[in-house]
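Visitor:
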Amino acid sequence: MQTLILQPHGPVLVIRLNRPEALNALNQQMLAELTQALTAADANPSVRCIVITGSDKAFAAGADVKEMVQMSYADVAAADLYGPAAQTIARIRKPIVAAVSGYCLGGGCELAMLCDFILASDTARFGQPEINLGIIAGMGGSQRLTRLIGKSKSMEMHLTGRMMDAVEAERAGLVARIIPMADLVTEAVKTATIIAGKSLLAVRAAKESVNRALEVPLSEGLLFERRAFHSCFATEDQTEGMQAFLEKRPANFTDK
Ligand code: HXC
Numbered sequence: 464m465q466t467l468i469l470q471p472h473g474p475v476l477v478i479r480l481n482r483p484e485a486l487n488a489l490n491q492q493m494l495a496e497l498t499q500a501l502t503a504a505d506a507n508p509s510v511r512c513i514v515i516t517g518s519d520k521a522f523a524a525g526a527d528v529k530e531m532v533q534m535s536y537a538d539v540a541a542a543d544l545y546g547p548a549a550q551t552i553a554r555i556r557k558p559i560v561a562a563v564s565g566y567c568l569g570g571g572c573e574l575a576m577l578c579d580f581i582l583a584s585d586t587a588r589f590g591q592p593e594i595n596l597g598i599i600a601g602m603g604g605s606q607r608l609t610r611l612i613g614k615s616k617s618m619e620m621h622l623t624g625r626m627m628d629a630v631e632a633e634r635a636g637l638v639a640r641i642i643p644m645a646d647l648v649t650e651a652v653k654t655a656t657i658i659a660g661k662s663l664l665a666v667r668a669a670k671e672s673v674n675r676a677l678e679v680p681l682s683e684g685l686l687f688e689r690r691a692f693h694s695c696f697a698t699e700d701q702t703e704g705m706q707a708f709l710e711k712r713p714a715n716f717t718d719k
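For the sequence shown, the positions run 464 to 719 when the working numbering is used.
Rendered as structure tokens:
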């Protein structure tokens with residue numbers, strides 16, 4: 464991997480974006496390596512939760528403008544630029560936590576929103592500044608940011624290109640929690656380790672059900688959730704989880 468650093472922490476895999484010379488701008492190589500690393504982690508039984516992070520200064524300052532500047536409509540349409548990578552990331556079944564510090568802009572913000580939730584340092588700055596370059600978001604920003612923070616704020620962000628700080632992002636619902644910068648990755652790994660200790664069957668059911676809320680009408684989402692809830696009763700982990708509670712001991716989940 465030329466653009467990523469992979470750091471296992473027990474059952475948690477930390478993927479660190481690593482192009483410091485370009486504030487972690489997402490180029491084709493980084494996206495290819497990221498989708499490869501995520502796909503491998505999804506298939507690797509020793510990984511139970513994934514953290515994607517960047518540097519203190521930048522999670523990612525967007526897609527790589529140097530790579531895009533000479534591209535024509537025909538080029539990007541033929542390649543379906545960013546489409547396959549975004550779809551691969553969205554299809555990862557294990558939970559992914561984004562640990563965001565510093566700039567999280569354009570494609571970087573879209574990558575963070577492709578993760579399951581965002582933990583932000585107090586220095587994080589979010590934005591969809593593509594409008595300043597004469598383009599718009601292309602990896603889900605106009606859709607996901609709007610679903611997360613509502614039309615008015617999302618529209619303002621996309622039309623003005625302004626940045627939001629961590630406090631505003633948390634208040635708006637983009638960010639789950641704000642953490643002091645020095646503790647961000649430690650806290651993200653701690654959170655991911657908690658998730659890694661649950662039944663992977665239940666974790667997947669929860670991830671799929673919550674994601675359903677952004678995809679389908681309420682009645683369909685409720686039905687999906689109820690069926691997924693019912694299916695949990697086919698697992699040994701349901702029996703173990705409930706028995707452990709009643710016996711006042713920690714559950715020992717086996718993903719069965
Ligand atoms: C390529 C980038 C980059 C980017 C920063 N750099 N962002 N290179 N693509 N998106 C490079 C700079 O060119 C510079 O390289 C180095 O990183 C440091 O950046 P500076 O600008 O000198 O740093 P600073 O003054 O601290 O300003 C930080 C910044 C600014 C405010 C984040 O870099 C910035 O505005 N970046 C662009 C943000 C943006 O427009 N993102 C959206 C991209 S379009 P050199 O070689 O000069 O030292 C997009 C489309 C998404 O994301 C579509 C779907 C994926």
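All C-beta atoms, glycine included, are put in the ideal place defined by N, C-alpha and C.
Does the region 650-669 come close enough to the region 609-622 that 3 or more CB-CB pairs lie under 8 Å?
Guide: Not touching, per the Cβ criterion.
Visitor: From what residue to what residue does the beta strand (DSSP E) around residue 594 run?
Guide: Element bounds for residue 594: n/a, residue is neither H nor E.
Visitor: Which one of 695, 693, 620, 716 has the shortest CA to CA distance from residue 703?
Guide: Comparing Cα positions, the closest option is 716.
Visitor: Which of helix, strand or coil does DSSP assign to residue 667?
Guide: Three-state DSSP puts residue 667 in a helix.
Visitor: In chain order, what residues of the same chain lie with their CB nearer than 6 Å to the CB of residue 561, ignoring the 5 residues before and after it?
Guide: So the qualifying residues of the chain are 515, 575, 578, 581.
Visitor: Could you tell me if residue 506 is buried or exposed, where buried requires 16 or more neighbouring beta carbons within 10 angstroms of its beta carbon?
Guide: Residue 506 is exposed by the Cβ-count criterion.
Visitor: Out of 465, 583, 513, 491, which has the shortest C-alpha to C-alpha gap to residue 471?
Guide: If we check each option's Cα against that of residue 471, 513 comes out closest.
Visitor: Per DSSP, residue 516 forms a beta bridge with which residues?
Guide: Per DSSP, 479, 562.
Visitor: Mapping DSSP to helix, strand and coil, what is residue 637?
Guide: Three-state DSSP puts residue 637 in coil, outside helix and strand.
Visitor: Would the region 594-611 and the region 660-667 be scored as touching if the rule is three or more Cβ pairs under 8 Å?
Guide: Not touching, per the Cβ criterion.
Visitor: Answer yes if the region 535-547 comes into contact with the region 637-649, meaning at least three C-beta pairs across the two stretches below 8 Å, and no otherwise.
Guide: With a cut-off of 8 Å, the region 535-547 and the region 637-649 do not count as touching, because too few Cβ pairs lie within range.
Visitor: Can you give the Cα-Cα distance for residue 604 and residue 713, rounded to whole angstroms?
Guide: Cα-Cα distance, rounded: 40 Å.
Visitor: Starting from the N-terminal side, write out each stretch of the beta strand (DSSP E) that is 3 residues or longer and does not extend beyond the region 527-551.
Guide: You should have found no qualifying run.
Visitor: Just to confirm, are residue 550 and residue 569 a CB contact at a threshold of 8 Å?
Guide: Going by C-beta atoms, residue 550 is not nearer than 8 Å to residue 569.
Visitor: What residue from 535, 473, 532, 629 has the CA that sits closest to residue 522's CA?
Guide: Nearest of 535, 473, 532, 629 to residue 522, Cα basis: 629.
Visitor: Per DSSP, which residues does residue 584 bridge with? Please list them.
Guide: In DSSP, residue 584 forms a bridge with 642.
Visitor: Measuring only from the beta carbon, is residue 573 closer than 7 Å to any heavy atom that is part of the ligand HXC?
Guide: Yes, since a heavy atom of the ligand HXC falls inside the 7 Å radius drawn around the Cβ of residue 573.
Visitor: Please name the residue in 566, 711, 484, 476 whose C-alpha comes closest to that of residue 511.
Guide: Cα-wise, what sits closest to residue 511 is 476.
Visitor: Does any heavy atom of the ligand HXC sit closer than 7 Å to the C-beta of residue 538?
Guide: No, the Cβ of residue 538 stays beyond 7 Å of every heavy atom of the ligand HXC.
Visitor: Going by the DSSP bridge assignment, what does residue 469 pair with across the sheet?
Guide: Paired residue(s): 478.
Visitor: Using C-beta distances below 6 Å, list every residue in its chain close to residue 808, excluding the 5 sequence neighbours before and after it, in chain order.
Guide: In the structure displayed, the chain extends from 464 to 719; residue 808 sits before or after that span and is not available.
Visitor: May I ask whether a heavy atom of the ligand HXC can be found less than 7 Å away from the beta carbon of residue 525?
Guide: Answer for residue 525: yes, Cβ within range of the ligand HXC.
Visitor: For the beta strand (DSSP E) that residue 628 lies in, which residues bound it at each end?
Guide: Unbroken beta strand (DSSP E) run through residue 628: 626-628.
Visitor: Quick one: residues in its chain with C-beta nearer than 8 Å to the C-beta of residue 465, no 5 flanking neighbours on either side, listed in chain order?
Guide: Around residue 465: 492, 496.
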